[in-house]
Amino acid sequence: MRRLLITMCCMVCCWASYAQQHNQQQLEKLSQAFHYLNNNYIDNIDLEPLVAEAIDSALKELDPHSEYLTRDEFMAMNEGIKGEFSGIGSNFITLRDTVIVTRILEGSPSQRAGLKKNDRILSVNDTSLVGIKRSKATELLRGAKGSIATLSILRNGEIITTDVIRDDIPTSAIGATYMHDGGIAYVRVESFLSKTTTEEFRTAIKELKERPNAIILDLRGNIGGLLPSAVRFAELFLNRGDVIVTVEGRKNRTTYEASQDGKYADIPIVVLIDEHTASASEIVAGALQD
C-alpha cells in the first residue's frame, strides 16, 4: 500500500511538472513567432495591434465574459466610473456577437430618439458593431456632446435607422427611489460601476424622510460593475460574518464576508432581477438570497 501511494505521488508530481513545462513551451513558441516576424518580415511591423489581436483571439476560446482592454479602452471604461462622458444613454450587453439594449436611461438621448429595450444595434455611423468587443462598442457609441450617432437597429425583425444626438450622461447609480404605502421603499440600482453606489443608496433612503419597513431592490437590467462596490453594497443588508461571495481561481480562493452588521440587515427585502442582471449585481442578489 505504501509503495502504491509513493508511486501515485510521483506520478502526480511528474504530471504537474510536465504540464508546467508544456505551457512554458507554448509561451516560448508564441514569443519566438513574434520575434521572427519582427526581424524577418519584409515590411516594418507594429507589434502592438498584433499582440492585442492574439490575446483577444485566445480569450474568445475561453468564455464570452473574459475581455482584454488596451490602455485606451481601459481609460475609456474609467470615464464611466468617474462620471465624465457623453453618449447615447443606454445600457447594453453583447450576446452572440450582437449589441442588445438592456435599459434606456431616463431623460437620455436614447429615450428622446425612441430606442427601446431589446433593440439590436447593428451599426453606428456606418461602422458595424456585430462581432466586436463590448469595450469597442462603448467607444463607438460615445462621443462629443451634440454629435450625431446614426444607428442601424434591428427591432421585431425590421431594420430601422435613427439619429441620436449625444449628450452628457448622468452617472448616478440610483435610478429611482420612492416610498409605497406601508413604509415599503422602492429603489432601482442602475449599476455598480461607481465607487459611490453604497453612499448614493444611503442618501436616497435618507431623502425618503422615514426609515422603511421593507425594501424592494430593483436590479433588473443592472449589468454589474466593480466587485468592491458590490461587496460594500451587500454589506448594508447582511450581518457581520455573512459570506457575500467567494472568488476561486486555480491557485487561490478569496472569501468576502460582511465586516459589520448592516444598517438594513433587520429589514425585509425583495430583490427584482431579470435575464440582464449580471456580474456584480448577481453577486448582490445571490448574497441577499443566501
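Going by our numbering, the first residue of the sequence shown is number 1, and it counts up by one from there. Glycine included, C-beta positions come from ideal geometry on N, C-alpha and C.
{"Query": "What are the uninterrupted segments assigned as alpha helix (DSSP H) that are 4 or more residues long and contained completely in the region 123–207, given in chain order?", "Result": "134–141, 197–206"}
{"Query": "Need the endpoints of the alpha helix (DSSP H) that D56 sits in, please.", "Result": "47–60"}
{"Query": "What's the C-alpha gap between N156 and T94?", "Result": "18 Å"}
{"Query": "If contacts are defined as beta-carbon pairs under 8 Å, then I292 and L129 qualify, I think. What distance do you get, rounded to the angstrom?", "Result": "In the structure as shown, the chain starts at 1 and stops at 290, and residue 292 therefore has no counterpart that could be examined."}
{"Query": "Where does D315 fall in DSSP's three states?", "Result": "The question about residue 315 has no answer, for the chain in this structure spans 1 to 290."}
{"Query": "Could you tell me how far apart the beta carbons of K117 and R103 are, in whole angstroms, since I believe they sit closer than 8 Å?", "Result": "6 Å"}
{"Query": "Could you give the distance in angstroms between the alpha-carbon of L140 and the alpha-carbon of L47?", "Result": "24 Å"}
{"Query": "DSSP three-state label for R103, please.", "Result": "strand"}
{"Query": "On the DSSP bridge list, what partners appear for D218?", "Result": "R188, L272"}
{"Query": "Which whole-angstrom value describes the C-beta separation of A285 and I273, a residue pair presumed to lie in contact below a C-beta threshold of 8 Å?", "Result": "5 Å"}
{"Query": "Note down the Cα distance separating K60 from E67, rounded to an integer number of angstroms.", "Result": "8 Å"}
{"Query": "When we look at the beta-carbon of N44 and count the other beta-carbons within 10 Å, is it buried (16 or more) or exposed?", "Result": "exposed"}
{"Query": "What residues in its chain sit with their C-beta under 6 Å from that of V99, if we drop five residues either side in the sequence?", "Result": "F92, I121, L129, A137"}
{"Query": "In terms of DSSP beta bridges, what is Y256 paired with?", "Result": "V245"}
{"Query": "Skipping 5 residues on each side, what residues in its chain have a beta carbon closer than 7 Å to that of A265?", "Result": "F237, L238, N239"}
{"Query": "Between the Cα of K133 and the Cα atoms of N125, I205, L151, D56, which residue gives the shortest distance?", "Result": "D56"}
{"Query": "Measure from the alpha carbon of T177 to the alpha carbon of each residue in T162, K195, A149, L219, then state which is nearest.", "Result": "L219"}
{"Query": "Is DSSP giving F34 helix, strand or coil here?", "Result": "helix"}
{"Query": "In this structure, how does DSSP classify G286 when only helix, strand and coil are distinguished?", "Result": "helix"}
{"Query": "Which one of T255, A280, L30 has the shortest CA to CA distance from E53?", "Result": "L30"}
{"Query": "With DSSP as the reference, label L226 as helix, strand or coil.", "Result": "coil"}
{"Query": "Taking contact to mean 3 or more Cβ pairs, one atom from each stretch, closer than 8 Å, check whether the region 184–193 and the region 206–220 are in contact.", "Result": "yes"}
{"Query": "For N91, list the residues DSSP reports as bridge partners.", "Result": "R103"}
{"Query": "According to DSSP, S86 sits in a beta bridge with which residue or residues?", "Result": "D168"}
{"Query": "Alpha carbon to alpha carbon, how far is G73 from E210?", "Result": "Reading off the sequence, residue 73 comes out as Glu, not Gly. C-alpha separation (whole angstroms): 43 Å."}
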